[in-house]
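Chains as they are written, first to last, in my numbering: chain A, 194 to 696; chain B, 21 to 504.
Written out as structure tokens, the structure reads:
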């Protein structure tokens, strides 16, 4: 029996949440310490998994299996492939930085972070993280959906309790209902696959490794691919079902936005890939054009809407739609280049957007406005955050030497092989992205600071700086030294290509 | 004739009867202020009865007992355990109710009703079944109208009585037609009668319709649901909780045994499964849509329980072993969850006298633990993991899909999203809104010991059934096996 590292990672947040809930209500700092300690523990373990992953073998590693309900073929079955391992690491990173950002600053001028009921906040955040990690490591379809839904409901509470008071009730309900519809539609599809699999193989099991070789009939795959893929892709922010996402990002408190855009949207993309494309490859081939069209629209449309936003956080929210569109675009190529790019883009975008939301949150906490035209000159007060945002911006624009380039380039290569004109159309988004990122850097961070902010804007705390540094390190390392991540994702892609018939 | 099997088959009922007698004998000797201890006696007695039955009265292979009146099998046994657990929890919740708590007869009525329900789950003869249903119902009529000075309670009791008598009479008419056509009242012999065509299909369909009226009243599916919101709102809250859980589950126990055993003939089942599928669809739609505008928590739970009846029916409609198992599992999860929800409503109205959802504002700040329990109950009702409601919903939907009712399952998932809206809306009051007077948030809602015990046990149960679901499902499955 090997060291059950994946189940320890997965259940660390749950244990932390339970400990937090058992703590006395008024011990705010103790709650924060517990949260940080468990987040650090999860980060270390996820790094351990990342560095011990054997990049020479395709397939699932660190596999653990415990029978849970043999009568229906449900088991706790964990394992990561080359796509899942970076996402586990991403979750560890975002958990760690999210806790740092939420630590807060009870200076009455600033009131950053979570001051109201931090104990509950961290508990719900960790339940969310529990669900997220569970999805990334589950090899059992039932448990995957189980964890997937666990990741949905804490979002409602996190947004509605600690969110931006203007839109939180509307946004939280909209987000939850969108995600619930998506997940239950996928659930119906998953159950249909379960019984179809039973007919084909005679084994009643939710084991996805068995389902991969279940040989569903092409007509079955064509019928069920769309509900399954789109149901999960709702959480991936696919156009035209993306509407919940910018509203949700804006209403959520900073750490939740980071988690939401950084990790949760990957959850949707990951599950759509894992269940939709990998288990129903024929369906994926049949509907390839539709997914590609949706993704292409998301890429360009998201970038354009981000360009016209006046609200800083909405801008970042729509840029997420655009960048997640690139992930979906990579999926829709169904070739090795596109999938490699998507795998990298999921990590790159997760770190980048978490950084964006962190910086936006820091600015809002101090300036109490997010209207871009009203802001200015932040680089004087918050030089460190400015550097962080610029690095994030370079990633977002896809500059060489940063992770965005390494991720987006293969996606476009993959798309070119399928439909070259889609690649041409989507490349417009890179120009638009560069335009709005540069414009915002100039307006918000440089230029003159409006008089009303003079003297009110304080620099960010040391914990914020640690968080920004952590995120930046990953983006630069991947960009400057692609071998850090690309070969690992490559192993995952090889496995998927085998399921797709080596095309 | 009276063998050890016969004894074991009604052991739980005998034990409940003993508890009831103890209540009757001891209660007059206790002084007024100590009378609420009858609740401890009832709950403890029921718990002991469960334990003894579990250790000494487990069924082996299904057998017929007491002259063919009773079927001694796992299905009935699991239902009995559920009812007794619900009864014990209800007894605890009754203890601090102003009008119920110190009245020994309230507990006695509860116990009498429990005996009826237990027998409903095991009756294998129509006459026995009818007696069991009446034994279960009549004490509940009295309990629903127990608060004499309260107009709403009186109305609830009266409404429940009239509805109950009318529908049960119609069902009895159906039973009498069965006897008239076939010459037998034994459920297990009826299947054979239908198989050889002793009863004309048209007559059989009429009989089924008449019987469904009575069961429809018990489980409160549309169009026999009208009593539920008024009765739940008016009757004492613990009684409403009992009505919406154990009483409903007892209706399902009858539905499962009667329809799976006596009417599974394809020529017959095609008609009643279609009927029930349509009823299930309408119940899910009507229950969820009418729950949306509710402001009173008990009315909200009443409409939501109508919707849950619809989900449970999917498993019945499937007419497979997985279907029956999913119904039993769903009911187990639902009983725990809904009792928890009603228990919280009871504890809250006991402390504040308020029953509207908006009065729950600030509850999580006043009592974080009570807030978490409410979160557990409502998320479980929504069908969210890691709570019982999620697994229950998945198995019911799985049964539906296996039997080819994809349209019904799709309707189920869509209406469950509608359900999420009002459950989450209620949680918004608990977690987001502040009390009008924020100083009051420093006063936690007082929870007396019986409430604390009942609520914590129910919360743990809801979580347990949603995480370690294997034993529960295996028990449900073992029960379902008895139907085939």
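Beta carbons are placed, not taken as given, at the ideal position from N, Cα and C, and that holds for glycine.
Inter-residue spacing [alpha-carbon to alpha-carbon] between residue i and residue j
i, j, result
"residue 560(A)", "residue 448(B)", "29 Å"
"residue 266(B)", "residue 137(B)", "8 Å"
"residue 275(A)", "residue 677(A)", "12 Å"
"residue 36(B)", "residue 264(B)", "21 Å"
"residue 696(A)", "residue 470(A)", "Low local confidence applies: a pLDDT of 43 at residue 696(A) is under 50, so the model's placement there is unreliable, and no value is given."
"residue 21(B)", "residue 34(B)", "The predicted position of residue 21(B) is uncertain, since its pLDDT is 45 and thus under 50; no value can be drawn from it."
"residue 203(B)", "residue 196(B)", "10 Å"
"residue 352(B)", "residue 413(A)", "34 Å"
"residue 380(B)", "residue 367(B)", "12 Å"
"residue 337(B)", "residue 333(A)", "28 Å"
"residue 315(A)", "residue 410(A)", "46 Å"
"residue 394(A)", "residue 557(A)", "56 Å"
"residue 358(B)", "residue 321(B)", "8 Å"
"residue 626(A)", "residue 590(A)", "6 Å"
"residue 467(A)", "residue 359(A)", "37 Å"
"residue 201(A)", "residue 151(B)", "55 Å"
"residue 287(B)", "residue 342(B)", "21 Å"
"residue 307(A)", "residue 476(B)", "29 Å"
Exposure label - residue i; buried when at least 16 CB within 10 Å
i, result
"residue 427(B)", "exposed"
"residue 217(B)", "exposed"
"residue 385(B)", "buried"
"residue 253(B)", "buried"
"residue 634(A)", "buried"
"residue 684(A)", "buried"
"residue 613(A)", "exposed"
"residue 312(A)", "buried"
"residue 621(A)", "exposed"
"residue 601(A)", "buried"
"residue 521(A)", "buried"
"residue 81(B)", "exposed"
"residue 322(A)", "buried"
"residue 189(B)", "exposed"
"residue 24(B)", "exposed"
Those residues which DSSP pairs with residue i across a bridge
i, result
"residue 259(A)", "269(A)"
"residue 92(B)", "83(B)"
"residue 254(A)", "273(A)"
"residue 145(B)", "206(B)"
"residue 564(A)", "504(A)"
Contact test: residue i Cβ vs the ligand COA heavy atom, cutoff 7 Å
i, result
"residue 552(A)", "The ligand COA is absent from the structure shown, which contains no ligands of any kind."
Cβ-based neighbour list, residue i, same chain, cut-off 8 Å, excluding 5 preceding and 5 following
i, result
"residue 240(A)", "282 and 285"
"residue 454(B)", "381, 382, 385 and 461"
Own chain, CB closer than 6 Å to residue i, minus 5 neighbours either side, in chain order
i, result
"residue 118(B)", "none"
"residue 413(B)", "403"
"residue 505(A)", "553, 563 and 565"
"residue 474(B)", "109, 112, 113 and 363"
"residue 267(A)", "261, 335 and 399"
"residue 420(A)", "378 and 382"
"residue 400(B)", "357, 407, 408, 409 and 482"
Residues of its chain near residue i, where Cβ-Cβ distance is below 7 Å and the 5 sequence neighbours each way are ignored
i, result
"residue 184(B)", "157, 161 and 237"
"residue 573(A)", "642"
"residue 208(A)", "none"
"residue 586(A)", "630 and 634"
"residue 594(A)", "672 and 673"
"residue 292(B)", "228, 279 and 283"
Next item on the list: For the segment 54–83 of chain B, list the beta strand (DSSP E) runs that are entirely contained and at least 3 residues long, ordered along the chain.
Entry: Within the segment 54–83 of chain B, not a single complete beta strand (DSSP E) segment reaches 3 residues in length.
Check: In the segment 373–411 of chain A, which residue ranges form an unbroken beta strand (DSSP E) of at least 3 residues, counting only runs that do not cross its ends?
Finding: Complete beta strand (DSSP E) runs here, min 3: none at all.
Note to self: Extract the residue ranges of the alpha helix (DSSP H) inside the segment 318–373 of chain B, only unbroken runs of 4 or more that lie entirely within it.
What the structure shows: The segment 318–373 of chain B contains these whole alpha helix (DSSP H) runs: 341–372.
Next item on the list: Would you list, in sequence order, the uninterrupted beta strand (DSSP E) runs of no fewer than 3 residues that lie entirely inside the segment 492–560 of chain A?
Entry: Counting whole runs of 3 or more residues, the segment 492–560 of chain A contains no beta strand (DSSP E) stretch at all.
Margin query: To test your reading of the DSSP string, which unbroken alpha helix (DSSP H) runs of 4 or more residues are found completely within the segment 380–420 of chain B?
Written below: The segment 380–420 of chain B contains these whole alpha helix (DSSP H) runs: 383–386 and 388–402.
Notebook entry, point to check: At which residue ranges does the segment 442–491 of chain A contain complete beta strand (DSSP E) runs of 3 or more residues, listed in the order of the chain?
Noted result: Taking only runs of at least 3 residues, no beta strand (DSSP E) segment lies wholly in the segment 442–491 of chain A.
Margin query: Please give me, in chain order, every unbroken run of the alpha helix (DSSP H) with length at least 4 that falls completely inside the segment 417–475 of chain B.
Written below: Within the segment 417–475 of chain B, the complete alpha helix (DSSP H) runs of at least 4 residues fall at 426–451.
Next item on the list: Within the segment 599–647 of chain A, note down every full alpha helix (DSSP H) run reaching 4 residues or more, in order along the chain.
Entry: The segment 599–647 of chain A contains these whole alpha helix (DSSP H) runs: 613–633.
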